[in-house]
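Engineer: Residue numbers (this note's numbering): 21 to 327.
Please find one structure pasted underneath; my questions will follow.
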């Protein structure tokens, strides 16, 4: 009888944990994907419709400009392309187009500008000017743009289609240490993931509560610390998980399979609820795949130990 009671206790404990995870996932999905856009770039043509649907990223091409990918960057890009190909069922081709964006073409493009020194603000402004012309974004001409963080991304919607621009700092030519590797990996993974899923940042104020998603961020005050300083890197790594959590892979599958017209609408959350078990099984398989290990954080925890 003791064995039977113990077995029943384990079964009930497992069911309770599964139910808790489901509620955590649904709540995080609501916070990160159920939103309305209330702001836009000043001067943008407001007649251009904005429709958020992560499935539109299927069949996109990754065009790298600026610096060629560092070996650490390349490892992340290779793993991410593999994950996207598996989840969406379509490959994510990648090519290096040189110093400028003009060679990227005007199809479904994700433009990734890499740099390792000072922010290339002049090149960023040239990228936006080219996208404005190629995709009919309706932005004011002749405006200058500047990087506000070492990693930033935005999807632009135009009369001639949509285009995503990502600009990320990567390691320099020297061999990076443990802190640098984790930092550059973390910021690149986050921008790639958010660009392909349209998930929003979610503030997390309880430092002791466990993380569920890479999108969660504990607010930190970094003052005017240089982006290349060890203090800045440690602060970023201590604010959220280094890589994707299981939930993040779950949401990638949800975005890819949602039949709805938009993946930031209440109907998307209803789809997730109705298909939870199937999506959970798919995410478990992808999360455990060794090919995608450079993207994942099995502990789903901020790193406050690396020095």
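The beta-carbon is built from N, C-alpha and C at its ideal position, and this holds for glycine as well.
Nothing here was measured: the structure is a model prediction, and the numbers come from that model.
1) What residue from 83, 150, 149 has the CA that sits closest to residue 117's CA?
2) Tell me the residue span of the alpha helix (DSSP H) that contains residue 202.
3) Quick check: what's the CA-CA separation for residue 196 versus residue 95?
4) Indicate whether residue 45 and residue 288 have their beta-carbon atoms separated by less than 9 Å.
5) What's the gap between the Cα of residue 254 and the Cα of residue 313?
6) Quick one: using the 10 Å Cβ neighbour count with 16 as the cut-off for buried, is residue 293 buried or exposed?
7) When DSSP labels each residue in this structure, what does residue 316 get in the three-state scheme?
8) Closest by CA to residue 20, which one among 235, 286, 43?
9) Can you give me the Cβ contacts of residue 113 inside the same chain, cut-off strictly under 6 Å, excluding the 5 residues immediately before and after it?
10) What would DSSP say about residue 135, mapped onto helix, strand or coil?
11) Do residue 320 and residue 261 count as a contact pair if the criterion is CB distance below 9 Å?
12) Let me know the alpha helix (DSSP H) ranges lying completely inside the region 275-300, each 4 residues or longer, listed in chain order.
13) Thinking C-alpha only, which one of 296, 302, 148, 127 is nearest residue 43?
14) Using CA coordinates, which residue listed in 66, 40, 71 is at the minimum distance from residue 55?
15) Comparing C-alpha positions only, which one of 205, 267, 220, 203 sits nearest to residue 230?
16) Measuring straight from C-alpha to C-alpha, what distance separates residue 66 and residue 87?
17) Mind checking which residues open and close the beta strand (DSSP E) that includes residue 101?
18) As a quick exercise: from 144, 151, 193, pick the residue whose alpha carbon is nearest that of residue 177.
19) Please classify residue 185 as buried or exposed, where buried requires at least 16 other C-beta atoms within 10 Å of its C-beta.
20) Excluding sequence positions up to five away, which residues of its chain have a Cβ less than 8 Å from the Cβ of residue 279?
21) To the nearest angstrom, how far is the alpha carbon of residue 172 from that of residue 38?
22) To which residues of the same chain is residue 317 closer than 8 Å at the C-beta, ignoring the five residues directly before and after it?
23) Could you tell me the distance, in whole angstroms, from the CA atom of residue 182 to the CA atom of residue 175?
24) Quick one: what's residue 186 bridged to in DSSP?
25) How would you write the range of the alpha helix (DSSP H) that residue 114 sits in, first residue to last?
26) Since residue 215 contacts residue 85 with CB under 8 Å, what's their CB separation in whole angstroms?
27) Report buried or exposed for residue 217, applying the criterion of at least 16 other Cβ atoms within 10 angstroms of its Cβ.
28) Are the Cβ atoms of residue 303 and residue 106 separated by less than 9 Å?
29) Given that a residue counts as buried once 16 or more other Cβ atoms are within 10 Å of its Cβ, and exposed if not, what is residue 74?
30) Please list the terminal residues of the continuous beta strand (DSSP E) segment that includes residue 86.
31) Starting from residue 140, follow its DSSP beta bridges and name the residues at the other end.
Structural biologist: So, to answer that:
1) Closest by alpha carbon: 83.
2) Taken as a continuous stretch (DSSP letters only), the alpha helix (DSSP H) holding residue 202 covers 198-217.
3) The alpha-carbon atoms of residue 196 and residue 95 are separated by roughly 14 Å.
4) The Cβ atoms of residue 45 and residue 288 do not sit closer than 9 Å to each other.
5) If you take the alpha carbons of residue 254 and residue 313, they lie about 22 Å apart.
6) Residue 293 is exposed by the Cβ-count criterion.
7) Strand.
8) Residue numbering for the chain in the displayed model covers 21 to 327; residue 20 lies beyond these limits and cannot be assessed.
9) Closer than 6 Å at Cβ, skipping near neighbours: 81.
10) Three-state DSSP puts residue 135 in a strand.
11) In this structure, residue 261 places its C-beta atom within 9 Å of the C-beta atom of residue 320.
12) Correct list: 286-294.
13) Checked all of 296, 302, 148, 127; the closest Cα to residue 43 is 296.
14) For the residues 66, 40, 71, the minimum Cα distance to residue 55 belongs to 71.
15) Distance check between residue 230 and each of 205, 267, 220, 203 places 267 closest, using alpha-carbon atoms only.
16) Near 34 Å, if we compare the C-alpha coordinates of residue 87 and residue 66.
17) No beta strand (DSSP E) contains residue 101, which is instead part of the alpha helix (DSSP H) from 91-108.
18) Nearest option by C-alpha distance: 151.
19) Around the Cβ of residue 185, a 10 Å sphere holds 16 or more other Cβ atoms; the residue is buried.
20) Beyond the five residues adjoining it in sequence on each side, residue 279 comes within less than 8 Å, by CB distance, of 291 in the same chain, given in chain order.
21) In a straight line, the C-alpha of residue 172 is about 35 Å away from that of residue 38.
22) Beyond the five residues adjoining it in sequence on each side, residue 317 comes within less than 8 Å, by CB distance, of 234, 261, 262, 263, 264, 265 in the same chain, given in chain order.
23) Separation of residue 182 and residue 175 (C-alpha to C-alpha, rounded to the nearest whole angstrom) is 7 Å.
24) Paired residues: 132, 173.
25) No alpha helix (DSSP H) contains residue 114, which is instead part of the beta strand (DSSP E) from 114-116.
26) With 8 Å as the limit, residue 215 and residue 85 do not qualify as a contact, their Cβ atoms being about 15 Å apart.
27) Around the CB of residue 217, 16 or more other CB atoms lie within 10 Å, so the residue is classed as buried.
28) Contact: no.
29) Classification for residue 74: buried.
30) Run containing residue 86: 81-86, per the beta strand (DSSP E) assignment.
31) Looking at the DSSP assignment, residue 140 forms no beta bridge with any residue, so it has no partner.
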